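Data first, discussion second: the structure below is written as structure tokens.
In our numbering, the protein residues as written are 96 to 335.
What follows is the structure, encoded as structure tokens:
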């Protein structure tokens, strides 16, 4: 389910970070999970997806703190974490010049919105035209990417507005946002009702998807949605 462009791959790697660190807390050899979680972060960096890199780094820091709090073998996990950090610093020191060349385009993008501002403005215009029930997912009159002018793709892939709330506003209107809001309240209640280590890490995975979807259309892609549904199913199961 990670197939696709670099943004899609970055999201899947980000969502995997909390579960690697969950395994790090669960087993005596959990330090392997700490190493794997760090590899996922490096993989996210290699995608050069700015949103995924930012959310992935924040998720990694949070999960490290949770791991140190919950880990059965905190000593070995700490050694693994320090080793990873030292290895990263050493690689940066030895290969900083080629690494700068490798990531030059990524570093030069800065705050470039990558047409997100255009998507948001056009999406808002469509919402204003039909605010109560929206324009459906196949909104007529505007297609926010070049390749959708191909008839076969346009007929299958609806316009994506690269923000979950805006997508629902444009497609389903205020009625749809109310339904989504009810669902979101229910998920928050679920995690508050069943707190614990498992649901804490599951909640991190859900949070990654929701945050990355503020600047992309992940929430309406098949793979992430299947993963999201599975996470909620395990959260319903609760601590055993």
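We put the beta carbon where it would ideally sit given N, CA and C, even for glycine.
The structure presented is a predicted model; accordingly, all values stated were derived computationally and were not measured.
Legend entry - Where the alpha helix (DSSP H) through residue 201 begins and ends: Note, residue 201: alpha helix (DSSP H), 199-204.
Inset, instruction - Could you tell me whether the Cβ atoms of residue 128 and residue 119 are closer together than 8 angstroms? - result: Closer than 8 angstroms, so yes.
Legend entry - Where residue 110 sits in the DSSP three-state scheme: If DSSP states are grouped into helix, strand and coil, residue 110 belongs with the helices.
Legend entry - CB contact check: residue 319 to chain D, cutoff 8 angstroms: No chain D appears in this structure, which consists of one protein chain only.
Legend entry - Closest by C-alpha distance to residue 154, when choosing among 122, 114, 175 and 142: Checked all of 122, 114, 175 and 142; the closest Cα to residue 154 is 114.
Inset, instruction - Would you identify the three-state DSSP class for residue 147, choosing helix, strand or coil? - result: Three-state DSSP puts residue 147 in a helix.
Inset, instruction - Within its chain, find whatever has a CB closer than 6 angstroms to the CB of residue 165; leave out the 5 residues flanking it on each side and keep chain order. - result: Cβ-Cβ distances below 6 angstroms link residue 165 to 120 and 292 in the same chain, with the five nearest sequence neighbours on each side left out; the list follows chain order.
Legend entry - residue 316 - DSSP class collapsed to helix/strand/coil: Looking at residue 316 - three-state DSSP - the assignment turns out to be coil, as it is neither helix nor strand.
Inset, instruction - With a 10 Å radius around its C-beta and 16 neighbouring C-beta atoms as the bar for buried, classify residue 245 as buried or exposed. - result: Low confidence applies to residue 245: its pLDDT is 41, below 50, so where it sits in the model is not reliable, and the reading given next is rough at best. That one is exposed.
Inset, instruction - Out of 197, 302 and 158, state which residue places its alpha-carbon closest to the alpha-carbon of residue 117. - result: Answer by Cα proximity: 158.
Legend entry - From 112, 134, 138 and 125, residue whose alpha carbon lies closest to that of residue 101: When each option's Cα is compared against that of residue 101, the closest is 138.
Legend entry - Residues near residue 108 in its chain [Cβ-Cβ closer than 6 angstroms; skip 5 each side]: Same-chain partners within the cutoff: 135, 138 and 139.
Legend entry - Contact belief for residue 143 with residue 198 at Cβ below 8 angstroms, rounded distance in angstroms: Sure, about 7 angstroms apart at Cβ, within 8 angstroms.
Legend entry - Burial state of residue 255, where buried means 16 or more other Cβ atoms lie within 10 Å: The residue is buried, with at least 16 neighbouring Cβ atoms inside 10 Å.
Inset, instruction - Give a yes or no on whether the C-beta atoms belonging to residue 257 and residue 314 are separated by under 8 angstroms. - result: In terms of Cβ geometry, residue 257 and residue 314 do not form a close pair [threshold 8 angstroms].
Inset, instruction - Can you tell me which of 196, 259 and 167 puts its alpha carbon nearest to the alpha carbon of residue 219? - result: Looking at the Cα atoms, 259 is the closest of the given residues.
Legend entry - Spatial distance of residue 147 from residue 279 (CA atoms): Residue 147 and residue 279: Cα-Cα distance of roughly 22 angstroms.
Inset, instruction - Compute the beta-carbon to beta-carbon distance between residue 329 and residue 110, rounded to the nearest angstrom, for a pair I have assumed lies under 8 angstroms. - result: Contact check for residue 329 and residue 110: beta-carbon distance about 13 angstroms, past the 8 angstroms limit, so the pair fails to qualify.
Legend entry - Burial state of residue 132 (16 or more Cβ within 10 Å): When all chains shown are included, residue 132 counts as buried.
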